[in-house]
Amino acid sequence: MNIFTILISTIFVNNYVFAQFLGICPFLGVSSKTETATGMGLAVTFVVTLSSVITWAIQKAILDRFGLQYLQTIVFILVIASLVQFVEMFLKKSSPNLYKALGVYLPLITTNCIVLGVAILNIEKGYTLIQTIVNALGASIGFAIALLLMAGVREKFEFSNIPKPLQGFPIGLITAGLMSIAFLGFTGLV
Amino acid sequence: MSAILVPVIVLGVIGLIFGFSLGFASKAFAVETDPKVDAIKEVLPGANCGACGYPGCDGCANAIVEGNAPVTACIVGGSSVAEKIANIMGAEAGDVVKQVATVLCQGDCDKAKDKYVYTGLRDCRAQNILAGGSKACSYGCLGCGTCVDVCDFDAIHIVNGVALVDKEKCVACGACIKVCPKGIIELVPYDNQVVVKCKSNDPGKVVRQNCSIGCIGCRICVKSCPEDAFSFENNLARINYDKCTNCNICAEKCPTKAIFSSITKVEEQVQ
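Keeping their order, the protein sequence lines are chains E and B. Heads up: the first sequence begins at 1 in our numbering, then just goes up one per residue. Heads up: the second sequence begins at 1001 in our numbering, then just goes up one per residue.
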C-alpha cells in the first residue's frame, strides 16, 4: 500500500478513535480543555511512533525468529510501559515545562489502548518499517484531531442548556457517537 | 522443555534489558529534588483540590519550598498543617486566619431595580454578556447561581435573587470567586462580623437610584470608626479587617445598611 494512502486512511477513513474505537478512555477523559488535549495529542504522537518502531523491530528480530508470536501482547506492553517511563524521565530532565504541562497524562499513555493497538495492527497487516512509521504517525495525528475536535465541542457545553439527566458524560458519549457517524462520511475515500 | 525455556529466557532477557536501561536512565536523568518537597507533600492533605492556587498538592509543595508560597498556603489544611510545614521549613507559621467567601452584594429582588427582564440561560456568565446583566446596578449579584453550581460543599445559595454564603460550610476553596463574572465574591476573615456588602463604584446618587442597600459614599463609617479601620476609594468604603474590632458602630450608623453586620442580624432575630 502506498504511504500516502496509509496516512489518509489512518487519519480520516479508519480513524482509530471514530472508526476503530481505540483510545476512547483518554478521548473522553482529557477532552475537556483544548490546551490539555493538544498536550495529550503530542505526547501520544511521540510514544505511538517510537513504540511502533521498537515493537516492529522486536517482532522481526526476536519473536519471529524463535517462533514466539504468542508472546506478542506481553512483550509489547513491556516495551510501551518502559518507553513511557523513559519518556517521562527524559522530559523531566530536559524539558521540565513540557513535563509539567503534560502532568498526569504522561504516565496515563501506558494504559492507552491505541498504543498497543497500533503496534499489533502494524504486525498483523505485515507493514514494512517505513509503512509502520507512517501508520503510527497517521494514527496519532487522527487521535489528536479527534481529541481536539471533541475538546472544542465540549468547551461549548459549559454555556449550553443541557437537560439534567444528560449532563456530563452522557452528552459526551452522544457527541462522540455523532462525531463517529460524521467520520463515516470519509468511507470510500481510500 | 525448550518450548517453556525459550520464551522464559527471551522474555526474561528483554525484561532485564529494559530494566537495566531504565535503571541507568533514572541515574542519568535524575533530577535533584529538595527533600523538603517530599516532606511537605507527606503533610499536605493530598486532596489535590487546588484551593491554594497551584495544580494539586505537589505544585503547592514545590511552591512552598521555592519560596513562592507562604507556609500557610494550604487553606484546607488550616493551622495544623501550616504548623507542620513551618517546622519542615524552619519558619514560624503565625496564626492562620480562617477565611470564608462572602458575596459583597445585598441587592435582592426587593431592594435593587432591574433594567430589563432577563429570560436567557440561567448562567451569570451568559447574562453578564448581555449589557452587563439585568440589574440596574452594573456591580451587583446577577443571581443566576453559577456560583451555586460550582460549589462542591453546598455552601452557597441564592436567597431572594442574591447569592449568600453559608459561613459554616464554606472552606474558602475559591471556586465561586473564580467563576463570578462580577467579581463580587471575596474572602473575608471568618471571625469578622462586619462587612461592607457592596461593590458599586458609582457615585452616591446613581447608587441610590438603582438600589436601596448600596454604599452611597457618605463616609459616615469612616468618620465614626474608632479604630480608623476604614479606607475610602472609588466611592466605596472598605474595611481593613486587621484593624476592625467588630464594635458594630459603623453598621449602626450606616444610613443604607450597606454595611452588613451579623451582630445586628442576631439582635433583630432575638427581638
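Idealized CB from N, CA, C, for every residue including glycine.
Where A1126/B meets chain E, residues with beta-carbon distance less than 9 Å = F159
Output the boundary residues of the alpha helix (DSSP H) element that contains L1022/B.
-> S1002 to A1028
Using the beta-carbon count (16 or more within 10 Å), is I181/E buried or exposed?
-> exposed
Can you give me the Cβ contacts of C113/E inside the same chain, cut-off strictly under 7 Å, excluding the 5 residues immediately before and after it?
-> L22 and G23
How big is the Cα-Cα spacing for C1105/B and S52/E?
-> 59 Å
Whole-number beta carbon distance between R154/E and S32/E, since they are thought to touch under 8 Å = 6 Å
Enclosing beta strand (DSSP E) for T1256/B [first to last residue] | Premise fails: T1256/B is in no beta strand (DSSP E) and is neither H nor E.
Would you report the Cα separation of L137/E and N1062/B, rounded to the nearest angstrom?
-> 36 Å
Below 8 Å CB to CB, which residues in the same chain sit around V1117/B once its five sequence neighbours on both sides are set aside?
-> S1134
Does the separation of the CB atoms of K1243/B and A1229/B fall below 8 Å?
-> yes
Do you know offhand how far G1204/B's Cα is from K156/E's?
-> 40 Å
Below-8 Å beta-carbon distance, V1194/B vs any chain E residue = no
Test item: CB-CB of L1011/B and I74/E under 8 Å = yes
Can you give me the start and stop residues for the alpha helix (DSSP H) that F76/E sits inside?
-> Q72 to S94
So what does DSSP say about S1231/B, is it helix, strand or coil?
-> strand
Kindly list the residues whose CB is nearer than 7 Å to the CB of C1176/B, restricted to its own chain and excluding five residues on each side of it in sequence; keep chain order.
-> A1101, C1147, V1150, C1151, I1156 and I1185
Flag L1016/B as yes if its beta-carbon sits less than 8 Å from any beta-carbon of chain E, otherwise no.
-> no
What separation, rounded to the nearest whole angstrom, lies between the Cα atoms of G152/E and A146/E?
-> 10 Å
Verify the CB distance criterion: does M191/E have a CB-CB separation below 8 Å to chain B?
-> Because chain E is modelled from 1 through 190, residue 191/E falls outside the range shown and cannot be assessed.
Would you verify that the beta carbon of F169/E is, or is not, closer than 8 Å to some beta carbon of chain B?
-> no
Along the beta strand (DSSP E) that carries Q1127/B, what are the first and last residues, could you check?
-> Run containing Q1127/B: none in the beta strand (DSSP E); it sits in the alpha helix (DSSP H), C1124 to I1129.
C-beta contact flag for D1029/B and K92/E at 8 Å = For the sequence presented, residue 1029/B should be read as Phe rather than Asp. Yes, Cβ-Cβ distance for F1029/B and K92/E is below 8 Å.
Extent of the continuous alpha helix (DSSP H) run through T34/E = T34 to I58
Since V1148/B meets chain E, which of its residues come closer than 8 Å, beta carbon to beta carbon?
-> Within 8 Å Cβ-Cβ: nothing; V1148/B doesn't reach chain E, min ~14 Å.
If you measure from the beta carbon of V1134/B to each beta carbon in chain E, is any gap under 8 Å?
-> Note that residue 1134/B is Ser in the sequence shown here, rather than Val. Cβ-Cβ to chain E under 8 Å: no for S1134/B.
Hey, could you find the ends of the alpha helix (DSSP H) R1208/B is sitting in?
-> G1204 to N1210
Verify the CB distance criterion: does S31/E have a CB-CB separation below 8 Å to chain B?
-> no
Determine the chain B residues that contact Q85/E at a beta-carbon separation under 7 Å, and present them in chain order.
-> L1022
For I123/E, count neighbouring Cβ atoms within 10 angstroms of its own Cβ and tell me buried if that reaches 16, exposed if not.
-> buried
Would you call A1047/B buried or exposed, if buried means 16 or more other Cβ atoms sit within 10 Å of its Cβ?
-> exposed
Whose C-beta lies closer than 7 Å to the C-beta of V1037/B among residues of the same chain, with five residues either side of it excluded?
-> A1061, N1062 and V1065
Own chain residues within Cβ distance below 6 Å of S1231/B, not counting five before or after = R1238
Using a C-beta cutoff of 8 Å, does F1029/B count as contacting chain E?
-> yes
Burial state of V1272/B (16 or more Cβ within 10 Å) = This structure cannot settle anything about residue 1272/B, because the visible part of chain B is limited to 1001 through 1271.
Starting from A1069/B, find everything on chain E with Cβ-Cβ shorter than 7 Å and list it in chain order.
-> Those do not exist, as A1069/B stays about 16 Å from chain E at its closest Cβ, beyond 7 Å.
Name the residue from N1240/B, C1137/B, K1265/B and E1252/B whose alpha carbon lies nearest to the alpha carbon of S1212/B.
-> C1137/B
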